[in-house]
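Just below is one structure, and these are the notes that go with it.
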Amino acid sequence: MIDLKRLRDAPEEFKAAAARRDAGLVSQLDDILKLDLHRRALVRQVEALKADRNHASEEVAHLKRQRADTTELLARLKDLSKMIKDQDQELREADRSLKERLLGIPNPPLESVPEGDASANQELRSWGELPRFTFEPKPHWELGETLGILDLARGAKVTGSGFPFYTGQGSRLVRSLINFMLDLHTQEHGYREMWPPALINEDSAWGTGQLPDLENNMYVTEDGLYLAPTAEVSVTNFHRDEILLGDQLPLSYAAYAPCFRREAGAHGKDTRGIIRIHQFDKVELVRYCTPETSSDQLELLLGHAEAVLQRLRLPYRVLALASGDIGFSSAKTYDLEVWAAGVDTWLEVSSASVFTDFQARRANIRYRPQPGAKPEFVHTLNASGLALPRTIVALLENNQQEDGSVRVPEALVSYMGVDRLTPNGA
RNA sequence: GGAGAGGUGUCCGAGUGGUUGAAGGAGCCGGUCUCGAAAACCGGUGAGGUCUUGCGGCCUUCGAGGGUUCGAAUCCCUCCCUCUCCGCCA
Numbered sequence: 023m024i025d026l027k028r029l030r031d032a033p034e035e036f037k038a039a040a041a042r043r044d045a046g047l048v049s050q051l052d053d054i055l056k057l058d059l060h061r062r063a064l065v066r067q068v069e070a071l072k073a074d075r076n077h078a079s080e081e082v083a084h085l086k087r088q089r090a091d092t093t094e095l096l097a098r099l100k101d102l103s104k105m106i107k108d109q110d111q112e113l114r115e116a117d118r119s120l121k122e123r124l125l126g127i128p129n130p131p132l133e134s135v136p137e138g139d140a141s142a143n144q145e146l147r148s149w150g151e152l153p154r155f156t157f158e159p160k161p162h163w164e165l166g167e168t169l170g171i172l173d174l175a176r177g178a179k180v181t182g183s184g185f186p187f188y189t190g191q192g193s194r195l196v197r198s199l200i201n202f203m204l205d206l207h208t209q210e211h212g213y214r215e216m217w218p219p220a221l222i223n224e225d226s227a228w229g230t231g232q233l234p235d236l237e238n239n240m241y242v243t244e245d246g247l248y249l250a251p252t253a254e255v256s257v258t259n260f261h262r263d264e265i266l267l268g269d270q271l272p273l274s275y276a277a278y279a280p281c282f283r284r285e286a287g288a289h290g291k292d293t294r295g296i297i298r299i300h301q302f303d304k305v306e307l308v309r310y311c312t313p314e315t316s317s318d319q320l321e322l323l324l325g326h327a328e329a330v331l332q333r334l335r336l337p338y339r340v341l342a343l344a345s346g347d348i349g350f351s352s353a354k355t356y357d358l359e360v361w362a363a364g365v366d367t368w369l370e371v372s373s374a375s376v377f378t379d380f381q382a383r384r385a386n387i388r389y390r391p392q393p394g395a396k397p398e399f400v401h402t403l404n405a406s407g408l409a410l411p412r413t414i415v416a417l418l419e420n421n422q423q424e425d426g427s428v429r430v431p432e433a434l435v436s437y438m439g440v441d442r443l444t445p446n447g448a
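If you count by our numbering, then the first sequence holds residues 23 to 448, one letter each, in order.
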């Protein structure tokens, strides 16, 4: 949620920042400013009445104790009370309407974010050599079928399209990648491991900004719970409504979780293979820090995600997303795209974002800079570290051999127990 | 799923309609004492909103949301959560 006080104090500056994301936001912000004025006028009115009522009520108690007559005072108070009730109702309505609009405004991008739509995304750097082949590299769905490690057809039969089975060494590959990534982040990057619930409630979905933005992209249960689209939601909401101690920060958590996405409206895009599916696995990194350190924390976090690709020897590039392309809650986002030789394209495997105090404000996550000091909102960040399916795509496609086998990267061999996936090895 | 008990401030814990933001205790911070420390004693110590240049004032807040009442932590309704027992179950 945006900071209403900041909007109020420097409206033009704030609107300019928001307009870098979407020019249409300016009129919404003007509406909010009007509502804010209206609400504060109501607050002053109703609070004056309440102060009056409180004093008079004390007087009633006083008179009663002295067994004096209170009839007249009570009659006056009855009217006053009625008036308060009406105005309170009006105020509650103003509060609700203001809150609703505030929750619908995305985070203004930081100044360092390139301006424009997705075409303005900037490639910052790349790592690794693109693989070269003496034969035509196959896409992962063909490799997966030949190797007997990926069964899309049966997934579609049992559940539906976009719910693949990983079989044999494919299943072991998933398990190995999860363990490898969690080990790397906990042992070398200092993250605390966490195993979160797969379902989240509505408050949590609002807290990180999935609601109202991605409502149609989440699966909802009969009980009003959502299947988590990412562990970002569960792990960030872990500290919802808490006041952390300043010296606890930064906090960093690494969590494996299955992720569920309806991908409504994505029909026809990346329909083959496992590039875009409804259920996938992901190791997620979440950090909580003080406002002064969040920019540095973003770079650090990005480095942790990059480390996974480097260990796996997968070539990638780093993109700074443009102001019109970053997510609803994000103030700045880097995308990590891995090269996949079979489909001959770059695939997003991680998105590292700093949310400034946007999520913290929604989820009410604060910290006390010093013992006894006023609580302030933390800054939150997250990055995938990494999403599995596309990592698997790159791994299979880039490491494929002419004989149809696939080389297992050194970092995974101890987890996999083999250094090569072969058609009869499954 | 059934039966029962309960949710109060950083923590423990009192409080069943009227100066109760809330006794008492612990913790924490400051002070007195001490060479220093401990103990003892004194004082302070939740969060949000709103007005104010500031000092400070006012309003809200006792799981959440409604209701009754001039007035609710205290009464009524709905929901959520925790604990105990039973049932069921990976």
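Glycine residues also receive a C-beta, built at the ideal position from the N, C-alpha and C atoms.
Here the structure is a predicted model, which is why all the values come from computation and not from measurement.
Residues of its chain near residue i, where Cβ-Cβ distance is below 7 Å and the 5 sequence neighbours each way are ignored
i: Val196; result: Tyr188, Asp303 and Leu410
i: Pro280; result: Ala220, Gln301 and Asp303
Buried/exposed call for residue i, threshold 16 Cβ in 10 Å
i: Gly449; result: Coverage of the chain is limited to positions 23 through 448, which leaves residue 449 absent and any answer about it impossible.
i: Ser316; result: buried
i: Pro219; result: exposed
i: His77; result: exposed
i: His84; result: exposed
i: Ile387; result: buried
i: His408; result: First, the residue type needs correcting, since residue 408 is Leu and not His in the sequence shown. With 16 or more Cβ atoms within 10 Å of its Cβ, Leu408 is classed as buried.
i: Glu34; result: exposed
i: Ala140; result: exposed
Those residues which DSSP pairs with residue i across a bridge
i: His77; result: None; His77 has no bridge partner.
i: Asn404; result: Val308 and Ser375
i: Pro280; result: Asp303
i: Arg339; result: Ser148 and Glu359
i: Arg176; result: The partner list for Arg176 (beta bridge, DSSP) is empty, contrary to what the question assumes.
i: Lys107; result: DSSP lists no partner for Lys107.
i: Leu71; result: Note: Leu71 sits in no beta bridge, so no partner.
i: Ser274; result: Arg309
i: Ser93; result: Reading off the sequence, residue 93 comes out as Thr, not Ser. Thr93 is not bridged to any residue.
i: Gln422; result: Val428
i: Phe350; result: For Phe350, which the question treats as bridged, DSSP gives no partner whatsoever.
i: Thr367; result: Ala362
i: Ile387; result: Glu264
i: Arg442; result: Arg429
Identity of the residue in the options nearest residue i by Cα
i: Ala329; options: Glu370, Leu206 and Val68; result: Leu206
i: Glu164; options: Met438, Glu419 and Gly268; result: Glu419
i: Arg335; options: Leu320, Ser148, Glu133 and Leu132; result: Ser148
i: Leu124; options: Phe282, Asp173 and Arg384; result: Arg384
i: Ser373; options: Ala175, Ala342 and Arg61; result: Ala342
i: Asn223; options: Ser193, Ser256 and Asp31; result: Ser256
i: Thr378; options: Pro161, Lys354, Asp235 and Ala363; result: Lys354
i: Gly184; options: Ala175, Gln191 and Gly192; result: Ala175
i: Arg283; options: Arg298, Thr293 and Ala277; result: Arg298
i: Leu57; options: Lys27, Ser119 and Gln422; result: Ser119
i: Asn421; options: Val82, Ala362, Arg62 and Glu370; result: Ala362
i: Arg294; options: Glu359, Tyr310 and Val365; result: Val365
i: Asp6; options: Leu273, Ala253 and Gly229; result: The requested residue 6 is not part of the displayed model; the chain covers only 23 to 448.
i: Ala73; options: Ile106, Gln50 and Leu55; result: Ile106
i: Leu172; options: Gly246, Ser193 and Val360; result: Ser193
i: Leu247; options: Glu254, Ala227 and Ala38; result: Ala227
i: Glu306; options: Val48, Tyr275 and Pro397; result: Tyr275
i: Gly268; options: Pro234, Leu204, Glu254 and Phe399; result: Phe399
i: Ala142; options: Val440, Asp347, Gly190 and Pro391; result: Asp347
i: Glu122; options: Met23, Gln392 and Tyr437; result: Met23
i: Glu133; options: Val376, Asp52 and Thr413; result: Val376
i: Leu47; options: Pro128, Arg75, Ser103 and Glu115; result: Pro128
i: Leu26; options: Asp117, Leu99, Ser406 and Asp91; result: Asp117
Neighbourhood of residue i by C-beta, 8 Å cutoff - its chain only, sequence neighbours within 5 removed
i: Pro445; result: Thr168, Leu169, Gly170, Gly426 and Ser427
i: Gln109; result: Leu64, Gln67, Val68 and Leu71
i: Pro251; result: Gln232, Leu236, Asn239, Met240, Cys281, Phe282 and Arg283
i: Leu157; result: What sits at residue 157 in the sequence shown is Phe, not Leu. Cβ neighbours of Phe157 beyond the five flanking positions: Glu424.
i: Leu95; result: Ala78, Glu81, Val82 and Leu85
Sequence-distant residues of its chain with Cβ nearer than 6 Å to residue i (five each side left out)
i: Leu324; result: Tyr356 and Ala374
i: Leu29; result: Phe36
i: Ser345; result: Arg42, Arg43, Pro131, Val135 and Glu137
i: Ile296; result: Pro186 and Pro411
i: Leu146; result: Val340 and Ala342
i: Cys311; result: Leu271, Pro272, Gln319 and His401
i: Gly166; result: Leu172
i: Leu199; result: Leu410
i: Val242; result: Tyr248
i: Pro431; result: Leu334 and Arg335
### Complete runs of the alpha helix (DSSP H) confined to the region 206-261 [at least 4 residues]
Here the runs fully enclosed are 224-230, 232-235 and 253-258.
### beta strand (DSSP E) runs contained entirely in the region 115-165, provided each spans 3 or more residues
At a cut-off of 3 residues, the continuous stretches assigned as beta strand (DSSP E) that sit fully inside the region 115-165 are 144-149.
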